[in-house]
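Colleague: Got a structure for you, written out below as structure tokens; questions coming shortly.
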Amino acid sequence: MTAPQLRPYHPEDQAAVYRICLETGDSGQDASRLYGDPALLGHVYAGPYITHQPDLAFVLEDDRDVAGYILGVLDTAAFEQLLDRTWWPDLRRRYPVPAALPGERTPDERLHALIHTPRTTPAEITARFPSHLHIDLLPRVQGGGQGRRLMTTLLQALRERGSTGVHLGVGGRNTRAIAFYRHLGFQTLQETPTSLILGLDLTT
1 MTAPQLRPYH
11 PEDQAAVYRI
21 CLETGDSGQD
31 ASRLYGDPAL
41 LGHVYAGPYI
51 THQPDLAFVL
61 EDDRDVAGYI
71 LGVLDTAAFE
81 QLLDRTWWPD
91 LRRRYPVPAA
101 LPGERTPDER
111 LHALIHTPRT
121 TPAEITARFP
131 SHLHIDLLPR
141 VQGGGQGRRL
151 MTTLLQALRE
161 RGSTGVHLGV
171 GGRNTRAIAF
181 YRHLGFQTLQ
191 ETPTSLILGL
201 DLTT
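Residue numbers in the sequence shown follow UniProt numbering, run continuously in steps of one, and reach 204 at the last position.
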């Protein structure tokens, strides 16, 4: 087996990116069993990036298929405003607000609700760490420095575009990912009982 190739995202990679998003969507584990609509996670956590900032999307491709990706955004605040105008409206028409109470919603319904009220990043974070990223790798390409290769490529691209800092969100149960980010120098910016926001200064 040859080493995975790291390359820019191509439009024909969309299906693979959506698949990886689902197969890593349960704190790094396969979330396929949790969702009735297999495209939902991709619509929320991958589609906006490969549609609106494809120049900051990179994939790992091995002998079988695309097996990992990293997706970045240069200006988070502007990106969130753009999605409110161009990305969420169509999804809101397709996925109505769930009637069930929050504590009684299925995983699909929780994402339907998120589509109607997407999270926004606090200004105190975007002021210092204006960019953000998502990275996901299937188990077969984890280890061996592949995650670091993706991170190094995106961080360099962000620096070249003038970014002063980058942040990311991670589930509190995803201890392996948290350790990986900390090893790269990310620091905790915000913490809740279920998740963290980590940040990295890109000026040093």
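Virtual Cβ for every residue (Gly too), placed ideally from N, Cα, C.
Starting from H132, trace the beta strand (DSSP E) in both directions and tell me its first and last residue.
Modeller: That run of the beta strand (DSSP E) goes S131 to L137.
Colleague: What ranges does the alpha helix (DSSP H) occupy inside the region 40-118, keeping only unbroken runs of at least 4 residues that lie completely in it?
Modeller: Segments of the alpha helix (DSSP H) lying fully in the region 40-118: 40-45, 47-52, 76-86, 88-94 and 107-116.
Colleague: For G42, I'd like the list of residues in its chain whose CB is within less than 6 Å of its CB, leaving aside the five on either flank, ordered along the chain.
Modeller: Taken in chain order, the residues that qualify are Y18 and C21.
Colleague: Please state whether the Cβ-Cβ distance between F58 and Y9 is less than 9 Å.
Modeller: Yes, Cβ-Cβ distance for F58 and Y9 is below 9 Å.
Colleague: Out of R94, D84 and G162, state which residue places its alpha-carbon closest to the alpha-carbon of D37.
Modeller: If we check each option's Cα against that of D37, R94 comes out closest.
Colleague: DSSP three-state call for P8: helix, strand or coil?
Modeller: P8: strand per DSSP, three-state reduction.
Colleague: Which residues share a DSSP beta bridge with T188?
Modeller: Its beta-bridge partners are L198.
Colleague: Determine the DSSP secondary structure at G147, reduced to helix, strand or coil.
Modeller: Note: G147 maps to helix in three-state DSSP.
Colleague: Mark Q187 as exposed unless 16 or more other C-beta atoms lie within 10 angstroms of its C-beta, in which case mark it buried.
Modeller: So Q187 counts as exposed.
Colleague: To test your reading of the DSSP string, which unbroken beta strand (DSSP E) runs of 3 or more residues are found completely within the region 154-187?
Modeller: Listed in chain order, they are 165-171.
Colleague: Based on the DSSP output, what are the partners of D26 in its beta bridges?
Modeller: DSSP output for D26 lists Q29 as bridge partner(s).
Colleague: For the alpha helix (DSSP H) holding A123, just list the boundary residues, first then last.
Modeller: That run of the alpha helix (DSSP H) goes A123 to T126.
Colleague: Taking the CB atoms as reference points, tell me whether L200 and V170 lie closer together than 9 Å.
Modeller: Contact: no.
Colleague: Compute the distance between the beta-carbons of V73 and H132, then report whether it is under 9 Å.
Modeller: Yes.
Colleague: Could you check what DSSP says for D37 in three-state terms: helix, strand or coil?
Modeller: Coil at D37, not helix or strand.
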